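This is the structure in structure tokens:
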């Protein structure tokens with residue numbers, strides 16, 4: 017009986033099952049990892065049959081291959097077998113790809129669609145190589161075995177490419193049913209256990225629990241560029257982890273469709289337009305476990321998360337920070353007049369309505385005065401950071417219909433609010449109270465009304481049509497960090513903010529409007545065929561890529577400022593996004609709290625939550641706040657006074673956050689224990705009154721309470737009894 021294979025054909029936009037004469041090319045790595053390619057005659061059908069520790073990690077008879085794209089709408093998706101060679105411990109699979117006229121492709125962002133009508137030159141082709149390297153690695157306390165793989169491509173003839181879309185299928189044990197995915201993106205359920213009939217996606221056009229969302233764009237955004245995260249899946253056979261050697265210009269998503277027994281992971285690697293390129297090596301690691309429980313899978317996730325994010329920060333030469341309690345105040349806020357205008361004029365956006373509010377600037381000045389007057393109260397409540405936004409000169413201060421604070425005129429302090437003297441007043445007051453000041457800025461865009469943009473139009477990013485890259489309403493233009501003059505101007509502006517006393521920055525919209533390719537000027541999908549037809553010629557004429565990833569330029573800026581003790585945090589989830597910092601406004605940390613029985617499901621999945629966590633969580637009771645703090649997300653609230661028990665929690669956490677290096681989840685929802693092995697000390701958070709026991713506690717003898725009435729308790733053989741519920745303890749010998 018012939019085996020029935022499932023092969024994705026990107027040209028047919030569907031899966032093929034009508035295969036004949038399928039041949040398997042088996043590959044064995046030196047550490048026992050096994051994988052295979054299947055082919056039909058000379059044509060390569062895809063990668064399949066991954067086994068680690070004798071456990072299948074891909075579904076049977078399903079194979080995948082990448083797509084390689086050119087801006088003319090050509091794609092390389094048909095591969096011819098070349099052979100297998102060894103280079104030391106590496107195994108290299110060689111093949112040839114021929115580009116064809118492809119049109120729309122699955123998993124193609126609507127703003128990135130490339131449609132062409134002219135076929136590629138007859139002599140154009142690519143040499144493609146898969147490189148597999150065996151590895152072993154310890155993540156948390158798990159010994160993992162696996163491999164890294166890289167896809168290398170070199171074009172021959174008149175062909176240039178800018179994207180490799182890598183598609184992988186995974187199923188721990190060979191079947192997805194019963195596998196649990198823990199998801200670090202801002203979209204999709206934070207935890208999902210697969211069933212045959214259910215679906216899962218991290219893409220943005222769906223709400224967390226399956227509701228269609230008409231706002232469709234950036235399908236591949238959930239893990240992107242400077243906020244690159246990782247894959248994590250576990251089942252009764254063990255844990256599967258996938259992550260990249262370093263942060264890069266990569267967009268990703270994970271999906272499972274109803275009726276399938278596998279997860280599909282799409283990793284989109286972006287390059288400057290070139291005749292050669294290689295994906296960032298991806299590590300695939302597996303730790304076997306006999307009958308792994310859901311508890312152990314979550315416990316392992318916490319440690320893997322800690323190790324991988326620390327790895328990314330160190331590779332990028334950035335400091336590893338501990339989140340600290342933060343007080344957030346928005347200078348411009350909702351007001352009843354703007355709400356009435358929106359209600360009376362449904363066609364107006366919120367920003368347009370706000371632009372008609374004469375008293376808004378007076379209210380903004382009053383809020384700045386209020387925060388200066390209350391700085392000592394903010395510090396006394398246990399906060400260590402103050403976030404203020406926005407204070408820069410922007411179209412908020414102009415008679416402009418949109419009045420969008422994301423669209424600066426330049427990067428000076430707003431004269432309407434008091435200019436640089438008011439920034440210095442806020443900074444001085446914060447420093448006297450022992451607080452660090454974080455300010456909101458947007459380094460990505462300028463208002464289309466900006467005099468600077470009129471003077472320097474070359475500072476803006478050019479899209480594939482040769483037009484200026486700007487938002488759909490024409491409010492702001494995206495600036496080009498590859499332009500040295502723009503970079504020099506921006507860094508001069510940064511110095512002015514630092515000289516005024518600012519300690520740290522929050523960069524808004526960096527991933528939204530910069531680390532992606534889009535065509536706002538053409539209205540998204542409208543007219544995409546017309547510009548796609550000419551985009552290849554335009555790119556060649558300009559000698560520029562339709563996608564120019566500037567990841568390294570951003571990291572370079574972060575590194576330079578970090579040398580002076582100034583951290584840069586950006587909107588988004590990931591190791592160099594906001595979840596890496598002390599601003600504790602990260603959906604990624606929200607995920608952890610949700611996983612461990614918090615009840616904020618109503619909150620999850622909203623894009624703006626990355627900025628306004630404090631405002632959105634103003635109704636948290638103490639127990640909810642305690643759970644967040646226990647997982648290093650000490651969410652502040654934007655109102656005073658803070659309840660006394662919350663203030664005590666913030667003070668205790670800030671005093672001991674440096675001890676919270678490696679987390680150990682306690683069974684039965686008893687709490688979490690954090691260990692600093694170098695100092696041989698730790699911090700214990702309890703969630704109820706039951707006795708606590710963990711093997712790691714056996715090295716300690718005492719748990720001294722850090723919150724009121726917690727007391728001091730003896731630890732005997734790794735067990736400590738009589739602890740108070742929702743209390744924090746310092747654990748020592």
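Numbering (the working numbering), first residue to last: 17 to 749.
Beta carbons: idealized from backbone N, C-alpha and C, even for Gly.
In this text the structure is predicted, and so the values were computed from the model without any measurement.
Using only CA atoms, which one of the options lies nearest to residue i?
i	options	result
residue 700	728, 743 and 735	743
residue 745	734, 726 and 341	726
residue 55	109, 518 and 101	109
residue 185	509, 571 and 73	73
residue 342	299, 98 and 399	399
residue 164	105, 729 and 315	105
residue 94	88, 100, 112 and 107	112
residue 116	139, 49 and 734	139
residue 143	169, 49 and 156	169
residue 720	697, 705 and 329	697
Checking the sheet assignment: what are the DSSP bridge partners for residue i?
i	result
residue 102	107
residue 143	112 and 170
residue 690	679 and 699
residue 495	476
residue 405	346
residue 749	Bridge partners of residue 749: none, in fact.
residue 54	40 and 62
Expressed to the nearest angstrom, what Euclidean distance is found between the alpha-carbon atoms of residue i and residue j?
i	j	result
residue 435	residue 639	41 Å
residue 458	residue 384	20 Å
residue 408	residue 428	6 Å
residue 491	residue 483	15 Å
residue 683	residue 501	56 Å
residue 174	residue 141	9 Å
residue 732	residue 454	44 Å
residue 624	residue 302	Low confidence applies to residue 624: its pLDDT is 26, below 50, so where it sits in the model is not reliable, and the reading given next is rough at best. Distance between the alpha carbons of residue 624 and residue 302: 35 Å.
residue 617	residue 710	Residue placement at residue 617 cannot be trusted, given a pLDDT of 32 that sits under 50; the coordinates are not used to answer.
residue 728	residue 717	11 Å
residue 644	residue 703	12 Å
residue 114	residue 62	15 Å
residue 320	residue 472	46 Å
residue 188	residue 195	7 Å
residue 251	residue 577	42 Å
residue 520	residue 83	40 Å
residue 225	residue 210	With a pLDDT of 35 at residue 225, under the threshold of 50, the modelled position of this residue cannot be trusted; read the value that follows with caution. Approximately 14 Å between the Cα atoms of the pair.
residue 208	residue 217	10 Å
residue 580	residue 137	52 Å
Look up residue i in the DSSP assignment and say whether it is helix, strand or coil.
i	result
residue 656	coil
residue 253	coil
residue 731	coil
residue 648	coil
residue 326	helix
residue 509	helix
residue 218	coil
residue 707	coil
residue 674	helix
residue 331	helix
residue 298	strand
residue 642	helix
residue 392	helix
residue 314	helix
residue 662	helix
residue 518	coil
residue 584	strand
residue 523	strand
Is it buried or exposed, residue i, if we count other Cβ atoms within 10 angstroms and call 16 or more buried?
i	result
residue 253	buried
residue 379	exposed
residue 258	buried
residue 574	buried
residue 422	buried
residue 496	buried
residue 75	buried
residue 738	exposed
residue 290	exposed
residue 99	exposed
residue 309	exposed
residue 59	exposed
residue 405	buried
Does the ligand PLP have even one heavy atom less than 6 Å from the beta-carbon of residue i?
i	result
residue 252	Inclusion of the ligand PLP in the displayed structure is not the case, the ligand content being empty and no account of it being possible.
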